[in-house]
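Asks: Each residue of the sequence shown is one higher than the one before, counting from 15 in the working numbering.
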Amino acid sequence: MAAGTATVTAAALVTDMVKLLGPERVFHKDVDLKTYTYDSSFVSQINNFTPEVVVMPTSTEEVSRIMRYADQHGVAVTPRGAGSGQTGGSVAVRGGIVMDLSAWDDIVEVDEVNMQVVVRPGVVHAELNNHISSYGLYFPPDPGSSEWATIGGMVANNASGLRAVKYGNTGQYVLGLEVVMPDGQVIRTGGLKSKALKSVSGLNLTGLFLASEGTLGVITEVRLKVWPKPPSRAIVVAYFDRLEDAAQSVLEVFKAGILPSGIEILDDGAIRSVNLFKPQLKLPEVEAAIFFEVNGSKAATEDEGRQIEEIAKRRAGSVEMATDAKRMKELWTGRQAIGAASARAKPNAARIFAGEDVCFPMAKVPEALRRIKEIGREHDTMVVIYGHIGDGNMHTAPIIDPLKPEEVEAAQRVAEDIHRLALEIGGATTGEHGVGFVRAAFMEEEHGAALTVMRRIKDCLDPKGIMNPGKIWAEE
Ligand SMILES: Cc1cc2nc3c(=O)[nH]c(=O)nc-3n(C[C@H](O)[C@H](O)[C@H](O)COP(=O)(O)OP(=O)(O)OC[C@H]3O[C@@H](n4cnc5c(N)ncnc54)[C@H](O)[C@@H]3O)c2cc1C
């Protein structure tokens, strides 16, 4: 049930958790446990990783007591936010306890003057932004899962999204953390009393927990830097007959000294899917559509929007710029709809999350996208491509019938080849979704000796291997 050393039966574990938390926040019936065998990854759909018990603590003291218990009894603990992760990160591949932190969603403090907030791990990204918008503030990282993803999960994955090209990832906003360590000890990173926006005091422990995916400790509080909300936006959408022209236009926008807040691509398959899903949009069926967004003051966004429009016109078949809210929403719908639309690319098929967030060097994006299409053809699998071309982070979505084993197998080969392609051309296997269970096999090839150092840090902080075992390190 646990990290291989559990000294307690499943029944005793449940009884002891009820003693710690009371019956209302401890779940152990089959029907409840089933819910926790999934996150948003395909790997969790084709496996059955069932925990013995699910607990929902809502205080640091409770988390600490659970961890002390798990440490004493050698029980695996898998922290979980909303389960929107796409790598099997929050499913208990070695059984034991799933610690669901989604109910612990207090916004502890909004410090308008110092432009920072303190939140508990279960606060949902969109809810935080709704709350602080009345202060004229916002937290810029913008995952497509904004309505579900928790801040704890975003920190644990160092999540980013549509606006990373300008604003970077979650980690750039984390000023400090409260973390419960695997033995139950509670630490604060970034300074016990600090409200400083910068600190280089001591080792960067905050950085250590970013993208640690619940393998080093449980994040129980987050102090985030937030920014003034830009008053204005503009959108430019350009349609290109050739992928290479689309990518070149993106580079030319950067060369002009413009840093858009979003640069997104839909490939031809993605465009077709969106047209099937929302025919009223009538997107031109070309090789690539690029969506540029700029934000800032009204004058700056209009000026930058116009400049992007001019640059794109040199290579694009058609270009449209919008600054009024209604038209911007309509134009952006093409990009927003793709998550749901991608399954339309093929009758009776579904889009699966497998190998879906590789990141390529900017200059190699066109080459990489052509190669991904070839990989799809080699394995007779349709792959729809879209994503954050502004930072080279691509979503490559296999479209298959998940009930056909041969299609599942082919999709897995496609995902593997796409990961290897990313490594071959100097990219990364994951730009935002993390390693979890699905990418552990690539870690050695990607990191070499650095993986051994990561392992040593893990062993030092979690000597019993109880924190989210089976993730990041394949040998677990
Ligand atoms: C439709 C869709 C769109 C998405 N778009 C994006 C995107 O644009 N950008 C992006 O980066 N990601 C995206 N994702 C992936 C996902 O939403 C992010 O990885 C998100 O950060 C996960 O948050 P969560 O609360 O759901 O965490 P979970 O999925 O529950 O957990 C993710 C990992 O974090 C760990 N964890 C969770 N909470 C804690 C905690 N308090 N302490 C320690 N460890 C913890 C878990 O153990 C697990 O390893 C998308 C997912 C979907 C389904």
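Beta carbons are placed, not taken as given, at the ideal position from N, Cα and C, and that holds for glycine.
None of the values given here were measured: they were computed from a predicted structure.
#1: Among residues of its own chain, excluding the 5 on either side of glycine 440, which ones have a beta-carbon nearer than 6 Å to its beta-carbon?
#2: Taking buried to mean at least 16 other C-beta atoms within 10 Å of its own C-beta, is isoleucine 322 buried or exposed?
#3: Provide the residue span of the beta strand (DSSP E) that contains arginine 220, from first to last.
#4: Given a cut-off of 8 Å on the beta-carbon distance, is the pair valine 200 and valine 194 in contact?
#5: When you measure from the CB of proline 274 to every non-hydrogen atom of ligand 1, does any distance come out below 7 Å?
#6: Using a threshold of 7 Å, is the CB atom of leucine 191 nearer than that to any non-hydrogen atom of ligand 1?
#7: Note down, in chain order, each residue of its chain lying with its Cβ closer than 8 Å to the Cβ of glutamate 460, except the 5 sequence neighbours on either side.
#8: Which complete beta strand (DSSP E) runs does the stretch 188-238 hold, if anything under 3 residues is left out?
#9: Considering only residues of the stretch 54-142, which uninterrupted beta strand (DSSP E) runs meet the minimum length of 3 residues and lie entirely inside it, listed in chain order?
#10: Give the DSSP-derived three-state secondary structure of phenylalanine 268 in the structure shown.
#11: Starting from tyrosine 181 and walking both ways along the alpha helix (DSSP H), at which residues does that stretch end?
#12: Thinking C-alpha only, which one of Pro416, Phe456 and Ile414 is nearest isoleucine 432?
#13: Are serine 287 and serine 356 touching if we call contact CB-CB under 8 Å?
#14: Pull up the DSSP beta-bridge partners for methionine 408, would you.
#15: Applying the 10 Å Cβ sphere with the 16-neighbour rule, what's the burial state of leucine 510?
#16: Within 10 angstroms of the Cβ of proline 242, are there 16 or more other Cβ atoms? Answer buried if so, exposed if not.
#17: Taking the DSSP output, what are the residues bridged to cysteine 373?
#18: Going by DSSP, what residues sit across from valine 250 in a beta bridge?
#19: Start and end of the alpha helix (DSSP H) containing glycine 167?
#20: Bridge partners of valine 281, per DSSP?
#21: Is serine 287 near ligand 1 - that is, is its Cβ less than 7 Å away from at least one heavy atom of it?
#22: Given a threshold of 16 other Cβ atoms within 10 Å of its Cβ, counted over all protein chains shown, does leucine 383 qualify as buried or as exposed?
#23: In chain order, what residues of the same chain have a beta carbon less than 8 Å from the beta carbon of arginine 82, not counting five sequence neighbours either side?
#24: Quick one: Cα of asparagine 128 to Cα of aspartate 405, how far?
#25: Quick check on this structure: which residue in Glu235, Asn144 and Ala117 has the alpha carbon closest to the alpha carbon of histidine 170?
#26: If you reduce the DSSP assignment to three classes, tell me which class leucine 151 lands in.
#27: Using CA coordinates, which residue listed in Phe291, Trp118, Ile249 and Asn143 is at the minimum distance from lysine 312?
#28: Are methionine 342 and arginine 247 closer than 8 Å when you measure CB to CB?
#29: Is it buried or exposed for alanine 454, if we count other Cβ within 10 angstroms and need 16 for buried?
#30: Going straight from the alpha carbon of threonine 72 to that of glycine 231, what length do you get?
#31: If phenylalanine 491 sits next to tryptophan 346, beta carbons under 8 Å apart, how far is it from one beta carbon to the other, in whole angstroms?
#32: Does the stretch 474-487 come close enough to the stretch 81-96 that 3 or more CB-CB pairs lie under 8 Å?
#33: Measuring alpha carbon to alpha carbon, tell me which residue in Val452, Gln262, Met335 and Pro37 is nearest alanine 377.
#34: By Cβ distance, which residues of its chain are closer than 6 Å to alanine 16, with the 5 residues on each side in sequence left out?
#35: What number of angstroms, rounded off, separates the C-alpha of tyrosine 253 from the C-alpha of arginine 349?
Replies: Taking the coordinates as given:
#1: The answer, listed in chain order, is Pro375.
#2: Answer is buried; the Cβ neighbour count reaches 16.
#3: Strictly speaking, residue 220 in this sequence is threonine, with arginine absent from that position. From DSSP, threonine 220 is part of no beta strand (DSSP E) but of the alpha helix (DSSP H) over 219-223.
#4: Judged by their CB atoms, valine 200 and valine 194 are nearer to each other than the 8 Å cut-off.
#5: Result no, Cβ not under 7 Å from ligand 1.
#6: The answer is no for leucine 191.
#7: So the list reads Leu437, Ala442 and Thr443, once near-sequence residues are dropped.
#8: Correct list: 188-194 and 200-202.
#9: Counting whole runs of 3 or more residues, the stretch 54-142 contains the beta strand (DSSP E) stretches 67-69, 91-94, 111-114, 121-125 and 130-133.
#10: Note: phenylalanine 268 maps to helix in three-state DSSP.
#11: Residues 178-181.
#12: The residue with the shortest Cα to Cα distance from isoleucine 432 is Phe456.
#13: It is a contact, given that the beta carbons lie within the stated cut-off.
#14: Methionine 408 is bridged to Gly401.
#15: Nothing can be reported for residue 510: it is not among the residues displayed for the chain, which extend from 15 to 490.
#16: With a 10 Å radius around the Cβ and a threshold of 16 neighbouring Cβ atoms, proline 242 comes out exposed.
#17: Paired residues: Asn407 and Ala442.
#18: Note: valine 250 sits in a beta bridge opposite Phe306 and Met335.
#19: Start and end: 165-171.
#20: Sequence inspection shows aspartate at residue 281; the valine mentioned does not correspond to that position. Beta-bridge pairing links aspartate 281 to Ala302.
#21: Answer for serine 287: no, Cβ out of range of ligand 1.
#22: It is buried - the Cβ of leucine 383 has at least 16 other Cβ atoms within 10 Å.
#23: Leaving aside the five residues that flank arginine 82 on each side, the residues in its chain whose CB is nearer than 8 Å to its CB run, in chain order, Asp197 and Gly198.
#24: Inter-residue distance for asparagine 128 and aspartate 405 is about 30 Å (C-alpha atoms, whole angstroms).
#25: A quick correction: the sequence has alanine, not histidine, at residue 170. The candidate whose alpha carbon is nearest that of alanine 170 is Glu235.
#26: In the structure shown, the three-state DSSP call for leucine 151 is strand.
#27: Looking at the Cα atoms, Ile249 is the closest of the given residues.
#28: Yes. Within cutoff.
#29: Alanine 454 counts as buried, since at least 16 other C-beta atoms from the protein chains shown sit within 10 angstroms of its C-beta.
#30: Going by the C-alpha atoms only, they are around 16 Å apart.
#31: Residue 491 lies beyond the residue range present for the chain, which begins at 15 and ends at 490; the question has no answer from this structure.
#32: Judged by Cβ distances under 8 Å, the stretch 81-96 makes contact with the stretch 474-487, as three or more pairs qualify.
#33: With distances taken between Cα atoms, alanine 377 lies closest to Gln262.
#34: Residue confidence is low: alanine 16 scores 49 on pLDDT, short of 50, so the model does not pin down where it sits. Its coordinate-derived value is still stated next. Cβ neighbours of alanine 16 beyond the five flanking positions: Gly88, Val89, Ala90 and Gly110.
#35: About 13 Å.
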